[in-house]
Amino acid sequence: MENQISLPLYFFSFVLGVISHGILDYIPHCYPLNSKVDVILGLFLMLFLIYAVKMHSKLLILVVLFGCIFPDIIDLSPGILNSIFNINLPIFDNIFPWHFHEYSGSIYIDECSVSNINHLLTLIFCTIIIYLNRMNILKNFKTK
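Residue numbering for the sequence shown follows my numbering, starting at 1 and increasing by one per position.
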């Protein structure tokens with residue numbers, strides 16, 4: 001019975017991860033980190049979160065994080081794998097609209113002041129949300 005109740009929560013969490021990816025990709029942004037550094041740091045952060053949370057929260061965190069990277073896995077991974085491993089996987093049209101050039105917020109010029117403001121606002125917003133919910137968030141992390 002518990003799995004039936006939690007299944008909609010996992011689905012909703014996955015969808016929220018996908019939507020948050022779309023929102024962040026849609027707003028104008030540059031990439032302040034080298035893509036390899038970005039992937040390594042992102043992977044380290046995801047593994048740390050999965051390790052650091054209590055057992056009852058691990059699956060939910062995993063589902064949310066998978067939702068956050070799912071659009072890139074679907075749309076971008078063949079091209080990335082081709083360039084890294086010098087292979088020739090087929091590349092299909094993007095499925096997620098924020099990866100279409102006309103809807104992407106990626107800035108392809110050297111003027112990143114709008115992007116810097118958006119990065120700063122995103123960090124401030126996340127910090128406020130985490131601070132306001134810090135007691136509930138801390139309950140989900142392992143303590144000694």
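Yeah, the Cβ is synthetic: ideal placement off N, Cα and C, and Gly gets one too.
Remember, it's a predicted structure, so these values are computed and weren't measured experimentally.
Exercise. Answer with buried or exposed for residue 37, where buried requires no fewer than 16 other C-beta atoms within 10 angstroms of its C-beta.
Key: Numbered from 1 along the sequence shown, position 37 holds the residue referred to as residue 37. Exposed.
message = Rounded to the nearest angstrom, what separates residue 25 and residue 118 at their Cα positions?
response = As a position in the sequence shown, residue 25 is number 25, starting the count at 1. As a position in the sequence shown, residue 118 is number 118, starting the count at 1. Distance between the alpha carbons of residue 25 and residue 118: 11 Å.
Between which residues of its own chain and residue 65 is the CB-CB distance below 6 Å, once the five residues before and five after are set aside?
Indexing the sequence shown from 1 puts residue 65 at position 65. Excluding sequence neighbours, residue 65 sits near 46.
In the structure shown, what three-state DSSP assignment does residue 106 receive? The sequence position of residue 106 within the sequence shown is 106, counting from 1. Note: residue 106 maps to strand in three-state DSSP.
Leaving aside the five residues before and after residue 126 along the sequence, list all residues of the same chain whose C-beta is less than 7 Å from its C-beta, in chain order. Within the sequence shown, the letter at position 126 stands for residue 126. Cβ within range, chain order: n/a, list empty.
Using CA atoms only, rank isn't needed, just tell me which of 68, 33 and 39 is closest to residue 80. On the sequence shown, residue 80 is found 80 positions in, with the first residue counted as 1. Comparing Cα-Cα distances from residue 80 to each of 68, 33 and 39, the minimum goes to 39.
Which residues does DSSP list as the beta-bridge partners of residue 53? Within the sequence shown, numbered from 1, the residue matching residue 53 stands at position 53. Residue 53 pairs with 141.
How close, in whole Å, do the beta carbons of residue 78 and residue 69 come, if the pair is a contact with beta carbons under 8 Å?
-> Translated into the one-based positions of the sequence shown, residue 78 becomes position 78. Translated into the one-based positions of the sequence shown, residue 69 becomes position 69. That pair is no contact at about 15 Å.
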